[in-house]
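Residue numbers (the numbering used here): 796 to 1331.
Backbone N, C-alpha and C fix where the C-beta goes; we use that ideal spot for every residue, glycine too.
Encoded structure:
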């Protein structure tokens, strides 16, 4: 369910970013009145675009910062985090560019760079699929499997190979680009020369027309043929062979790769649930609830009497943050997944209406035929009754019955979800025990114990087990005397003596019982032998 929550929230954020940020910032072309000239019209930066972008950026930075603070080394090993950081960086630069100058092309350009990264991040949720998981699962590690190093990713491993191979191809292309740029000055820059040569590498033959009939026609043709042969025939085919080999290494261990993918996903979401990490933008609500939980936890909670030193203040802050996180998490589940469950259940129910009506009607006809002796069942039923039954009552009940029930069930669950507040567990449990609640709590069970110790007393004892009237030192002078050690020794001796005495008594009773049984058995055996001798 936690992964489903992340998936639904992420899809919603992609839709919101596309609607209010990416598609909203695009420039449009329009014609000037009275002429055929085109002019570019930029959209101004409005508050929906700025608000949506800020929420996504701040929530993403907060989430990535928490993961870095928890384990920076492990964070760097996960290659999905590179997509997150790059997308946040591009969105931030694009938003800053839009704020500084909304007519500039800098903002939409960086928004466009962030779009493929944001959409590609959705592949993270496909890792649990048995076919797609080993292909797109990212691990940055190599594990020793059957005495061979096998990577746990196909896509990311191929990306690394492409980067290495691209360096070699760029160096070779650079030499030919310089040669063509020196011979023909028609190109404005090296970038234009590279683009034209890259098009020729992919099959664009217009490049031969550039130097046709020129002074360097023979040399240029020779260089172009050699360059295309090296790049297209040799390097590209070599790249295909390397990528095929890389894919084959992972395909040999497809089952193991899928298990590794599932294990990593389970480990990831175990950390997410343990640390109460909500997806963006709901993680920002934890920061809003945190000061409220701080006040409730400190003023009316169980730590109201704690003195204010640094360590206790940090512990109090952590407890308040955990309290706020646990309070907001069920509300997020109810708000996000509740409508999804209601709509999904309603659609499935509506799809099953027609087959259910068909089979019900078929069964009803067969039953009426049996009752009427094989005659026509419709003659025994009124036409209005048939019309109301099959066209009004049954369709309305089947179509609207389940959706209304699911909607009411979801709304009814809000009372249970919103009434939860883990900030004052002790106070609420004590109040329930006073008002005679039917459910047993830890507080009530502790109070019903022979010692009658409550949760507050138990916490105080666990914080300081030496807090005893016979052993506790004086708070003013903090003296430790021999009498205190003697008291502890005497207490241990008395406890040991009582335990030993109880064990001795139990052992004595057991021995006497076994001795009595053995004596009875021997007496019975002797009596049997005497009776046998007398009869003889």
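Does the segment 854 to 867 come close enough to the segment 1068 to 1088 that 3 or more CB-CB pairs lie under 8 Å?
yes
| Looking at the structure shown, is residue 1121 part of a helix, part of a strand, or coil, going by DSSP? | In the chain shown, residue 1121 corresponds to position 326, counting from 1. Correct three-state label for residue 1121: helix.
inquiry  = Looking at residue 1037: is its Cβ nearer than 9 Å to the Cβ of residue 967?
reply    = Residue mapping note: residue 1037 aligns to position 242 of the chain shown, counting from 1. Residue mapping note: residue 967 aligns to position 172 of the chain shown, counting from 1. No, the Cβ-Cβ distance between residue 1037 and residue 967 is not below 9 Å.
Which of the three DSSP states is assigned to residue 1134 in this structure? What you label residue 1134 is simply residue 339 of the chain shown in a count that begins at 1. Helix, per DSSP.
Proximal residues to residue 910 (C-beta, below 7 Å), its chain only, five neighbours per side dropped: Along the chain shown, read from residue 1 onward, the residue named residue 910 stands at position 115. Counting only Cβ-Cβ distances below 7 Å, and skipping sequence neighbours, we find 817.
Between the alpha carbons of residue 1054 and residue 1124, how many angstroms are there, rounded? Your numbering for residue 1054 matches position 259 in the chain shown. Your numbering for residue 1124 matches position 329 in the chain shown. Rounded to whole angstroms, residue 1054 to residue 1124 spans 29 Å at the Cα level.
According to the neighbour-count rule (16 or more other Cβ atoms, all chains shown, within 10 Å of its Cβ), is residue 1024 buried or exposed?
-> Looking up residue 1024 in the chain shown gives position 229. The residue in question, residue 1024, is exposed, as its Cβ has fewer than 16 Cβ neighbours within 10 Å.
Residue 1060, DSSP secondary structure in three states: Locating residue 1060 in the chain shown gives position 265, counting from the first residue. Residue state, collapsed to three classes: helix.
Checklist line | For residue 913 and residue 809, believed in contact at Cβ under 8 Å, the rounded distance | finding: The count along the chain shown starts at 1 and reaches residue 809 at position 14. The count along the chain shown starts at 1 and reaches residue 913 at position 118. At roughly 6 Å, the Cβ-Cβ gap stays under 8 Å, so residue 809 and residue 913 are in contact.
- Task: Decide if residue 1075 is buried, meaning its Cβ has at least 16 other Cβ atoms within 10 Å, or exposed.
- Result: Here residue 1075 refers to the residue found at position 280 of the chain shown. Buried.
Quick one: residues in its chain with C-beta nearer than 6 Å to the C-beta of residue 850, no 5 flanking neighbours on either side, listed in chain order?
The residue you call residue 850 lines up with position 55 of the chain shown. Closer than 6 Å at Cβ, skipping near neighbours: 1076.
**Study point:** residue 898, DSSP secondary structure in three states
**Key:** In the chain shown, residue 898 corresponds to position 103, counting from 1. Residue 898: coil per DSSP, three-state reduction.
Exercise. Decide if residue 847 is buried, meaning its Cβ has at least 16 other Cβ atoms within 10 Å, or exposed.
Key: Mapped onto the chain shown, residue 847 falls at position 52. So residue 847 counts as buried.
Exercise for review: Alpha carbon to alpha carbon, how far is residue 970 from residue 995? Give it in angstroms, no decimals.
Suggested key: In the chain shown, counting from the first residue as 1, residue 995 sits at position 200. In the chain shown, counting from the first residue as 1, residue 970 sits at position 175. So the two alpha carbons sit approximately 15 Å from each other.
### Message
Please return the same chain residues whose Cβ sits closer than 6 Å to the Cβ of residue 1329, not counting the five positions on each side in sequence.
### Response
As a first step, residue 1329 must be located in the chain shown, where it is residue number 534. There are no such residues.
- Task: Look at the alpha carbon of residue 1171 and the alpha carbon of residue 803, and state the distance between them as a whole number of angstroms.
- Result: What you label residue 1171 is simply residue 376 of the chain shown in a count that begins at 1. What you label residue 803 is simply residue 8 of the chain shown in a count that begins at 1. Model confidence at residue 1171 stands at a pLDDT of 49, short of 50, so the residue's coordinates are unreliable; what they give is reported in the following sentence. The straight-line gap from Cα to Cα measures roughly 53 Å.
Could you round the C-beta distance between residue 1039 and residue 953 to whole angstroms and report it? I think they count as a contact, below 8 Å.
In the chain shown, the residue the question calls residue 1039 occupies position 244. In the chain shown, the residue the question calls residue 953 occupies position 158. At roughly 10 Å, the Cβ-Cβ gap does not stay under 8 Å, so residue 1039 and residue 953 are not in contact.
Can you have a look at residue 893 and say buried or exposed, based on whether 16 or more other CB atoms are within 10 angstroms of its CB?
-> Translated into the one-based positions of the chain shown, residue 893 becomes position 98. The residue is buried, with at least 16 neighbouring Cβ atoms inside 10 Å.
The alpha helix (DSSP H) with residue 844 in it runs from where to where?
The count along the chain shown starts at 1 and reaches residue 844 at position 49. Residue 844 -> alpha helix (DSSP H) spans 842 to 865.
What does the alpha-carbon distance come out to for the pair residue 943 and residue 1047? Your numbering for residue 943 matches position 148 in the chain shown. Your numbering for residue 1047 matches position 252 in the chain shown. Since pLDDT at residue 943 reaches only 36, below the 50 mark, its modelled position is unreliable, and no value is offered.
Nearest residue (CA-CA) to residue 874, options 904, 915, 1144
As a working note, residue 874 is residue 79 in the chain shown. Measuring from the Cα of residue 874, the nearest candidate turns out to be 915.
Please list, in chain order, all residues of the same chain as residue 888 whose beta carbon is under 7 Å from its beta carbon, the five residues on each side excluded. Within the chain shown, residue 888 is the residue found at index 93, counting from 1. Correct list, in chain order: 905.
- Start-to-end residues for the alpha helix (DSSP H) that takes in residue 1025: As a first step, residue 1025 must be located in the chain shown, where it is residue number 230. Neither: residue 1025 is in no alpha helix (DSSP H) and is coded neither H nor E.
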